Structures are given as C-alpha cells and as structure tokens.
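S.K.: Sharing a structure here in structure tokens format.
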Amino acid sequence: MNYLIFLLIGLVAGWIASILLKGRGYGMIINLILGVIGSFIGGTIFGIFGIHLNGFFGLLISATVGAIVLIWVVGLFSKK
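Residue 57 in numbering that gives the first Met the number 0 is what sits at position 58 of the sequence shown, and the numbering runs on without skipping anything.
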C-alpha cells in the first residue's frame, strides 16, 4: 500500500515539476514518469542530509524537489 501512495505522490510531483519548469521538461507523460523516479531520488537525498519530512505534504515536497532535479539532470544530457 505504501508503494501505491509513493507512486501517486511521484505522479503529482512530476505534474508540479512540469508546471514549475514551464516547457523545459519533456511533456506531461515523461515528466510524470520522471516525477515517480525523482520522488525516490528526492526521498533518498533528503534522508542522506538528515531531513525527514513527514506527512503527505512533506513527502510531496521531497518528491517534487527530486523530480525537478532529475528533469534538470536529464536535460543536461539530452539534445532537446
């Protein structure tokens, strides 16, 4: 059940990241997928630095940061 919630939070994070990046992403579907992957990355990065955000909004913040970072990093290596 936790994975389903984490997946949904990642999708929302990808959607928020696509709005915040305003055209610098890769389209809604790819940004949603990157949001899911980025949510895992964001949670890991925040954990490494000892930042533990609890609750839905805490997870959403860390997932969104991870999604934005991942979309930015992918942008560095793509020829878009």
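Backbone N, C-alpha and C define an ideal beta-carbon position, used for all residues, glycine too. Values in this document were obtained by computation on a predicted structure and should not be read as measured data.
Where does Phe76 fall in DSSP's three states?
M.R.: The answer is helix: DSSP assigns Phe76 an H, G or I state.
S.K.: To which residues of the same chain is Ile60 closer than 7 Å at the C-beta, ignoring the five residues directly before and after it?
M.R.: For Ile60, where only same-chain residues beyond five positions count, the Cβ hits under 7 Å are Leu52.
S.K.: Among Val11, Tyr2, Ile50, which residue has its Cα nearest to the Cα of Thr63?
M.R.: Out of Val11, Tyr2, Ile50, Val11 has the C-alpha closest to the C-alpha of Thr63.
S.K.: Buried or exposed: where does Ile40 fall if 16 or more other Cβ atoms within 10 Å of its Cβ makes it buried?
M.R.: By the neighbour-count rule (16 or more Cβ atoms within 10 Å), Ile40 is buried.
S.K.: Where Leu58 and Leu6 are concerned, what is the direct C-alpha to C-alpha distance, given to the nearest angstrom?
M.R.: Distance between the alpha carbons of Leu58 and Leu6 is about 11 Å.
S.K.: Specify, as a first and last residue, the run of the alpha helix (DSSP H) that Gly46 falls within.
M.R.: Unbroken alpha helix (DSSP H) run through Gly46: 27-47.
S.K.: Can you tell me whether DSSP reads Ile18 as helix, strand or coil?
M.R.: Residue state, collapsed to three classes: helix.
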